[in-house]
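Contents: one structure, followed by commentary.
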Amino acid sequence: MPHWLELMAASFGSLMVAGLVFTVPLTILSFAGGLALGSLAAMVRLFGPRPLASLVRFYVWIIRGTPLLVQLFVIFYGLPSAGILIDAFPAALIGFTLNVGAYTSEVVRAVIASVPNGQWEASYSIGMSWSQAMRRTVLPQAARVAVPPLSNSFISLVKDTSLAAAITVPELFQAAQRIVAVTYEPLILYVEAALIYLAFSSVLSILQARLERSFGRSGGFAGARP
Amino acid sequence: MIRLTGIEKRFGLNKVLKGVDVVVPAGSVTALIGPSGSGKSTLLRCVNLLEAPDAGEVEIDDVRLSFRAGERPRKDAVRTLRLKTGMVFQSFQLFPHRTALGNVMEGLVTVLGWRPDRARDRAMALLDKVGMAHKAEAWPSTLSGGQQQRVAIARALAPSPRVLLCDEPTSALDPKLAAEVVDVLRTLAHEGVTMLMATHDLRLASTIARNVVFLDDGLVVEEGTARAMFTAPRDSRTRSFIAHITETAVHAWTD
Ligand SMILES: Nc1ncnc2c1ncn2[C@@H]1O[C@H](COP(=O)(O)OP(=O)(O)OP(=O)(O)O)[C@@H](O)[C@H]1O
Ligand SMILES: [Mg+2]
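Quick note, the sequences are listed as chains A and H, same order. Quick note: to get this note's numbering, add 1399 to the position in the first sequence (first position is 1). Quick note: to get this note's numbering, add 89 to the position in the second sequence (first position is 1).
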């Protein structure tokens, strides 16, 4: 067995464990949290009272206008000076959730607004209430349009979680760094880490394609063709 | 029966309806004609409260609602009126994520809380009535405009409204497809469905409507039987408008 393959095989276990114990949960939890937060923020911006809507705009402005790495440093290294101590994993979770929330709120807002007004009116005209129109008519159409941009955010997030290494979360990339520190084989280990990230995000791409296909059943509808 | 009394509606400074009175007797069809911007769509939308009138009264059968500017109609009142009315839109507005059958069932299941099998039976009967039973499982995007509009008519009729409001039901269709829709509406008219319809389609107005109301600049200028309005209009604005649509209709039919 060549040396590089031997090294990859020997370190594969610890990289995979770091990936499955930290990278994957961090990705899934912060995406779920961010999607919930973003949907709420989008609803507030579209339908909420004005002061709350401004607050949401402020939040989106801050998060989108500053680097994710800096946000993580503020939460993990900065907040303790203000007396707020948060462990590395929860700090990363908070940072990523806030970040995903800001970006997805824009996506959710746009896709809900993209459903034509006539669809609301058709729903009202058969007697539906606002919430019935939202649930039965608008959200299903918005969801279909939202799959590609939300999948993009999800896949970016898998890769962005490597930034958590910088605030001491022992995730996949940090596991690779540790092995490099003792083996002095950066090329082999970092390529291996990259391949594992690639595998994770490819799984997501496949799921995205499936989801789009199942939405495509309705023969593609006007105004919403991808 | 629809009785509209003194309906006023403004958008900002633009007063679109200036006190409109219209009565549509039960079991009859009234056509609403008038130039673009005269307020036909707005008037129809005031009947099912897609727009809240600023003043006036809307009465449908046994329900009567009065309106005042700045006062939102109560939710249960809105719901009551919407269940008494069905609406057909110029651009169909079928739900694209539901099949033809799903579109017609939607109001029965979601709004009236019917069990799906019962809703399905009624929806199939309505699709059959509009000649679309063979396309029950089709997605709207695969249907022609005329087919979509016929499904939309079935959807509007599903919750058994007392009146049908149609906003230019044929004007997005070429003459051949429009004819399909006119046929369906004519059948409904013969069955005694009460209808108020805005239209530029002379064939629709003259063959289906018993009465015609001519609206101009937010006011009823003239009204009468379809025959009287189309053959002997009194007001000069009515005369020139009818001359104008007759000319366009002839063009459309000879094209
Ligand atoms: N939601 C709205 N906001 C502001 N102005 C509106 C709105 N809806 C309608 N209007 C205005 O009200 C006037 C009447 O419009 P309406 O759509 O009722 O006319 P119409 O008779 O149906 O015309 P058309 O034959 O072109 O359909 C127009 O000047 C229009 O610009
Ligand atoms: Mg109109």
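Ideal Cβ positions, reconstructed from N, Cα and C, are used throughout, including at glycine.
Residue i - partner residues in DSSP beta bridges
{"i": "H:CYS255", "result": "H:VAL177, H:MET286"}
{"i": "H:GLU97", "result": "H:LYS107, H:ALA144"}
{"i": "H:VAL301", "result": "H:ALA120, H:GLY313"}
{"i": "H:ARG92", "result": "H:VAL112, H:GLU148"}
{"i": "H:LEU215", "result": "Paired residues: none, contrary to the question."}
{"i": "H:LEU308", "result": "H:ASP305"}
Cross-chain neighbours of residue i in chain A, by beta carbon under 8 Å
{"i": "H:PRO258", "result": "Near H:PRO258 there are no residues of chain A at all, since even the closest Cβ is about 13 Å away, more than 8 Å."}
{"i": "H:GLU269", "result": "Under the 8 Å cutoff, chain A gives no residues; its nearest Cβ is about 20 Å from H:GLU269."}
Chain H contact residues for residue i, given Cβ-Cβ distances below 8 Å
{"i": "A:GLY1517", "result": "PHE178, SER180, GLN182"}
{"i": "A:ARG1463", "result": "Residues of chain H passing the Cβ test: none, with the nearest at roughly 31 Å."}
Under 7 Å by beta carbon: chain H residues contacting residue i
{"i": "A:TYR1523", "result": "LEU139, ARG171"}
{"i": "A:MET1527", "result": "THR199, VAL200"}
Check: residue i C-beta below 7 Å from any heavy atom of ligand 4
{"i": "H:GLU257", "result": "No copy of ligand 4 appears in this structure; the ligands present are ligand 1 and ligand 2."}
Contact test: residue i Cβ vs ligand 1 heavy atom, cutoff 7 Å
{"i": "H:GLY126", "result": "yes"}
{"i": "H:THR131", "result": "yes"}
{"i": "A:PHE1446", "result": "no"}
{"i": "H:ASN192", "result": "no"}
{"i": "A:PHE1553", "result": "no"}
{"i": "A:ASN1498", "result": "no"}
{"i": "H:VAL105", "result": "yes"}
{"i": "H:PHE303", "result": "no"}
{"i": "H:PHE181", "result": "no"}
{"i": "H:PHE100", "result": "yes"}
{"i": "A:GLY1494", "result": "no"}
{"i": "A:GLY1437", "result": "no"}
{"i": "H:GLY123", "result": "yes"}
Extent of the continuous beta strand (DSSP E) to which residue i belongs
{"i": "H:ARG157", "result": "152-157"}
{"i": "H:LEU121", "result": "118-122"}
Residue range of the alpha helix (DSSP H) that includes residue i
{"i": "H:LEU293", "result": "291-297"}
{"i": "A:GLY1437", "result": "1423-1446"}
{"i": "H:ALA241", "result": "234-246"}
{"i": "H:GLY196", "result": "It is not in any alpha helix (DSSP H) - H:GLY196 carries neither H nor E in the DSSP assignment."}
{"i": "A:ALA1490", "result": "1487-1513"}
{"i": "A:GLN1607", "result": "1585-1614"}
{"i": "A:SER1524", "result": "1516-1524"}
{"i": "H:THR276", "result": "264-279"}
{"i": "A:MET1415", "result": "1402-1417"}
{"i": "A:VAL1581", "result": "1571-1582"}
{"i": "H:LYS129", "result": "129-136"}
{"i": "A:TRP1460", "result": "1449-1464"}
{"i": "A:LYS1558", "result": "1538-1559"}
{"i": "A:GLN1470", "result": "1467-1472"}
Contact test: residue i Cβ vs ligand 2 heavy atom, cutoff 7 Å
{"i": "H:ALA287", "result": "yes"}
Neighbouring residues, chain A, relative to residue i (Cβ below 9 Å)
{"i": "H:GLU359", "result": "Past the edges of chain H, shown from 90 to 344, lies residue 359 of chain H, and the structure says nothing about it."}
{"i": "H:GLU336", "result": "Here the premise fails: no neighbours, minimum Cβ distance about 30 Å."}
{"i": "H:GLY128", "result": "Residues of chain A passing the Cβ test: none, with the nearest at roughly 17 Å."}
{"i": "H:GLU195", "result": "SER1522, ILE1525, MET1527, ARG1535, THR1536"}
Interface flag, residue i vs chain C, CB-CB below 8 Å
{"i": "H:ARG244", "result": "Protein chains in the displayed structure are A and H, and chain C is not among them."}
Within chain A, the residues that residue i reaches when beta carbons sit closer than 7 Å
{"i": "H:ARG168", "result": "GLY1526"}
{"i": "H:PRO142", "result": "Result: empty, since nearest Cβ-Cβ is about 16 Å, beyond 7 Å."}
{"i": "H:PRO205", "result": "Going along chain A, no residue has its Cβ under 7 Å from H:PRO205, so there is no contact; the nearest lies around 14 Å."}
Chain H contact residues for residue i, given Cβ-Cβ distances below 9 Å
{"i": "A:GLU1611", "result": "Under the 9 Å cutoff, chain H gives no residues; its nearest Cβ is about 14 Å from A:GLU1611."}
Counting only Cβ-Cβ distances shorter than 8 Å, please list the residues of the stretch 317-334 of chain H near chain A, keeping chain order. none
Residues of the stretch 1529-1543 of chain A whose Cβ lies closer than 8 Å to any Cβ of chain H, in chain order: GLN1531, ARG1535, THR1536, PRO1539, GLN1540, ARG1543
Could you run through the stretch 216-241 of chain H and flag, in chain order, every residue whose CB is less than 9 Å away from some CB of chain A? ALA227, TRP228, PRO229, SER230, THR231, ALA241
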